[in-house]
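Chains as they are written, first to last, in our numbering: chain H, 7 to 253; chain Z, 16 to 331.
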């Protein structure tokens with residue numbers, strides 16, 4: 007498979023972490039391996055492991071060098087990796103429906119994306135909201151989900167010069183990825199819409215609504231609907247359309 | 016209980032402890048003190064737990080008024096400290112009384128100083144830590160830097176009967192020139208051999224684009240073998256990213272948790288404290304060490320931190 011390594015690479019990140027890379031590519035096969043290893047390592051309860059960070063294509067394992075060594079850890083993880091098999095099955099995942107107002111002030115780059123591909127704005131909205139996306143990882147800023155894969159027809163490169171401020175809730179496209187800014191942050195993704203819902207709250211346990219392996223579907227809503235949902239969110243009574251489901 | 020009132024906030028003063036661990040997978044950085052040794056020392060000098068929350072002071076110190084009798088200690092980057100206009104020492108327990116004015120000057124050696132209060136600063140614990148994460152707007156005081164008028168809360172604890180200091184030999188000096196040990200990787204193989212040599216043999220200057228998120232460095236260009244991007248993976252403080260322009264960026268405590276530039280090397284944990292004291296125009300030199308050596312240094316560092324209280328000298 008293109009971009010996936012024939013066997014995982016084990017690499018040190020300084021004196022406190024090990025990175026296990028499965029490839030240098032965004033695809034389901036590689037990401038599934040990451041998540042499967044993440045779950046297996048979590049279950050194994052290995053001494054000295056401090057935390058795990060699954061990404062698109064690698065698993066970061068932060069450890070306490072006072073409790074284990076890099077070599078010891080690598081040999082433990084290699085044992086676990088052997089048991090995973092070629093096509094790991096994923097555990098329980100959830101599906102979130104995200105209401106979005108597309109275009110206008112909410113999505114200042116929708117026009118550009120449409121023109122870039124010679125499409126009408128409505129077609130871009132239809133394509134973007136017409137499929138289910140996988141959460142590949144959470145990163146960048148607290149609770150930011152990296153979603154894919156965006157249909158080829160609307161995949162658009164990042165801005166040449168990133169914006170200094172992208173408002174919270176903004177929904178953006180970068181090549182074949184799409185994502186949601188949970189808080190105001192600088193950013194170079196093409197912003198096509200905005201959601202009123204909250205994806206992250208430090209008071210929640212866990213603090214992020216989504217985890218890698220979950221799926222997201224965008225639902226176009228009117229400005230009116232956006233505002234009424236926003237009000238519920240602000241009052242703290244909005245219930246996200248989140249469905250737990252076994253695979 | 017109300018402990019201190021902020022009269023002047025200083026340049027950038029935040030509440031920090033040793034950091035927020037276990038939430039990287041949700042995109043939440045570790046945050047915490049940029050110089051952990053100095054934070055722990057400040058806590059030890061007022062008989063706190065090593066992880067208690069302190070003020071982290073950047074470049075220009077605040078002016079504070081005591082709202083109750085308490086004890087404080089100031090450590091880290093060299094800074095002038097006055098209580099009611101009179102000079103008082105750093106790295107020592109100081110007893111202050113209700114109404115006293117504590118004025119801190121400019122940080123003159125290093126970049127960041129730490130002020131502890133007896134019992135620790137009392138702000139809500141968010142995801143296991145009191146550290147301020149400004150971009151996420153949480154932790155510390157309302158997730159932001161201090162402002163004039165803020166009240167710093169403490170805990171109702173009894174004051175110590177004695178005052179302490181640390182021996183001179185334990186007090187770090189920051190000269191503006193830093194030797195930082197690194198372990199190569201994780202993506203050192205994406206750079207030419209010459210690039211690795213360049214990194215390890217050149218001096219790099221800290222630029223003005225440097226803060227709690229990371230330091231952009233200026234110096235000889237580091238050349239990628241081929242592409243200058245990777246599919247984003249996870250970062251930790253100390254990681255040295257090199258974007259397309261070949262100028263390294265060192266990731267620090269409030270950085271984003273994932274990134275798409277290859278990492279040529281990673282600074283070791285014990286040297287992050289020193290790095291936390293680097294300011295614009297300071298010079299950094301990188302030295303490669305093996306993982307085995309890095310582990311030995313880590314264990315020594317851990318021992319130094321956990322044994323700090325044994326070094327206290329009674330002064331009054």
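All residues carry an ideal CB built from backbone N, CA and C; glycine is no exception.
Report yes if the C-beta distance between residue i and residue j is below 7 Å; otherwise report no.
i, j, result
"residue 22 of chain Z", "residue 80 of chain Z", "yes"
"residue 141 of chain H", "residue 218 of chain H", "yes"
"residue 243 of chain Z", "residue 227 of chain Z", "no"
"residue 229 of chain Z", "residue 50 of chain Z", "no"
"residue 77 of chain Z", "residue 147 of chain Z", "no"
"residue 249 of chain Z", "residue 273 of chain Z", "yes"
"residue 275 of chain Z", "residue 237 of chain Z", "no"
"residue 163 of chain H", "residue 310 of chain Z", "no"
"residue 239 of chain H", "residue 202 of chain H", "yes"
"residue 158 of chain Z", "residue 35 of chain Z", "no"
"residue 61 of chain Z", "residue 83 of chain Z", "no"
"residue 331 of chain Z", "residue 101 of chain Z", "no"
"residue 54 of chain H", "residue 22 of chain H", "no"
"residue 161 of chain H", "residue 190 of chain H", "no"
"residue 114 of chain Z", "residue 92 of chain Z", "no"
"residue 215 of chain Z", "residue 301 of chain Z", "yes"
"residue 149 of chain H", "residue 205 of chain H", "yes"
"residue 132 of chain Z", "residue 287 of chain Z", "no"
"residue 166 of chain Z", "residue 138 of chain Z", "no"
"residue 67 of chain H", "residue 24 of chain H", "yes"
"residue 153 of chain H", "residue 184 of chain H", "yes"
"residue 117 of chain Z", "residue 324 of chain Z", "no"
Check for me: the alpha helix (DSSP H) holding residue i runs from which residue to which?
i, result
"residue 18 of chain H", "Unbroken run through residue 18 of chain H is the beta strand (DSSP E), 10 to 18; no alpha helix (DSSP H)."
"residue 153 of chain Z", "Note, residue 153 of chain Z: premise wrong, no alpha helix (DSSP H); not H, not E."
"residue 84 of chain H", "76 to 88"
"residue 41 of chain H", "34 to 50"
"residue 236 of chain H", "229 to 241"
In whole angstroms, what separates the C-alpha of residue i from that of residue j?
i, j, result
"residue 246 of chain H", "residue 226 of chain H", "15 Å"
"residue 178 of chain H", "residue 196 of chain H", "5 Å"
"residue 137 of chain H", "residue 223 of chain H", "6 Å"
"residue 84 of chain H", "residue 26 of chain H", "10 Å"
"residue 170 of chain H", "residue 25 of chain Z", "25 Å"
"residue 10 of chain H", "residue 28 of chain H", "6 Å"
"residue 120 of chain Z", "residue 295 of chain Z", "18 Å"
"residue 328 of chain Z", "residue 181 of chain Z", "6 Å"
"residue 231 of chain Z", "residue 266 of chain Z", "9 Å"
"residue 193 of chain H", "residue 183 of chain Z", "46 Å"
"residue 153 of chain Z", "residue 298 of chain Z", "33 Å"
"residue 264 of chain Z", "residue 257 of chain Z", "6 Å"
"residue 31 of chain Z", "residue 145 of chain Z", "6 Å"
"residue 7 of chain H", "residue 231 of chain H", "Any reading at residue 7 of chain H needs caution, since the residue's pLDDT is 45, under 50, leaving its predicted position unreliable; the model's value is listed next. Going from the Cα of residue 7 of chain H to the Cα of residue 231 of chain H covers about 44 Å."
"residue 285 of chain Z", "residue 139 of chain H", "41 Å"
"residue 30 of chain H", "residue 246 of chain Z", "6 Å"
"residue 130 of chain H", "residue 106 of chain H", "13 Å"
"residue 108 of chain H", "residue 127 of chain H", "9 Å"
"residue 189 of chain Z", "residue 120 of chain H", "55 Å"
"residue 236 of chain H", "residue 216 of chain H", "19 Å"
"residue 253 of chain H", "residue 209 of chain Z", "Confidence is the limiting factor: at residue 253 of chain H the pLDDT is only 48, short of 50, which leaves the residue's position unreliable, though a coordinate-based value still follows. Rounded to the nearest angstrom, the two C-alpha atoms are 49 Å apart."
"residue 90 of chain Z", "residue 109 of chain Z", "12 Å"
"residue 59 of chain H", "residue 40 of chain Z", "5 Å"
"residue 157 of chain H", "residue 88 of chain H", "34 Å"
"residue 217 of chain Z", "residue 123 of chain H", "46 Å"
"residue 235 of chain Z", "residue 205 of chain Z", "17 Å"
"residue 96 of chain Z", "residue 271 of chain Z", "34 Å"
"residue 383 of chain Z", "residue 250 of chain H", "In the structure displayed, chain Z extends from 16 to 331; residue 383 of chain Z sits before or after that span and is not available."
"residue 129 of chain Z", "residue 283 of chain Z", "22 Å"
Tell me which residue opens and which closes the beta strand (DSSP E) that residue i is part of.
i, result
"residue 86 of chain Z", "85 to 98"
"residue 108 of chain H", "99 to 108"
"residue 23 of chain H", "23 to 29"
"residue 189 of chain Z", "First-last for residue 189 of chain Z: undefined, no H or E at that position."
"residue 225 of chain H", "221 to 226"
"residue 178 of chain Z", "Taken as a continuous stretch (DSSP letters only), residue 178 of chain Z belongs to no beta strand (DSSP E), as it is neither H nor E."
"residue 122 of chain H", "First-last for residue 122 of chain H: 116 to 123, but that is the alpha helix (DSSP H), not the beta strand (DSSP E)."
"residue 53 of chain Z", "Here residue 53 of chain Z belongs to no beta strand (DSSP E); instead the alpha helix (DSSP H) covers 51 to 59."
"residue 20 of chain Z", "17 to 23"
"residue 244 of chain H", "First-last for residue 244 of chain H: undefined, no H or E at that position."
Check the C-beta distance from residue i over to residue j and give it rounded, since I have them as a contact under 8 Å.
i, j, result
"residue 196 of chain Z", "residue 312 of chain Z", "7 Å"
"residue 221 of chain H", "residue 99 of chain H", "7 Å"
"residue 252 of chain Z", "residue 52 of chain Z", "With a Cβ gap of about 14 Å, residue 252 of chain Z and residue 52 of chain Z do not count as contacting."
Relative to the ligand SAH, is the shortest distance from any of its heavy atoms to the C-beta of residue i smaller than 6 Å?
i, result
"residue 304 of chain Z", "You won't find the ligand SAH in this model; it holds no ligand whatsoever."
Q: Ignoring anything shorter than 4 residues or poking outside the region 126 to 183 of chain H, list the alpha helix (DSSP H) runs there in chain order.
A: 127 to 135
(Q) As an exercise, report each continuous beta strand (DSSP E) stretch of at least 3 residues that is fully enclosed by the region 249 to 324 of chain Z, in chain order. (A) 254 to 256, 264 to 266, 278 to 282, 298 to 303
Q: Could you name each continuous beta strand (DSSP E) segment of 3 residues or more that falls completely within the region 212 to 256 of chain Z, going from the start of the chain to the end?
A: 218 to 225, 229 to 233, 254 to 256
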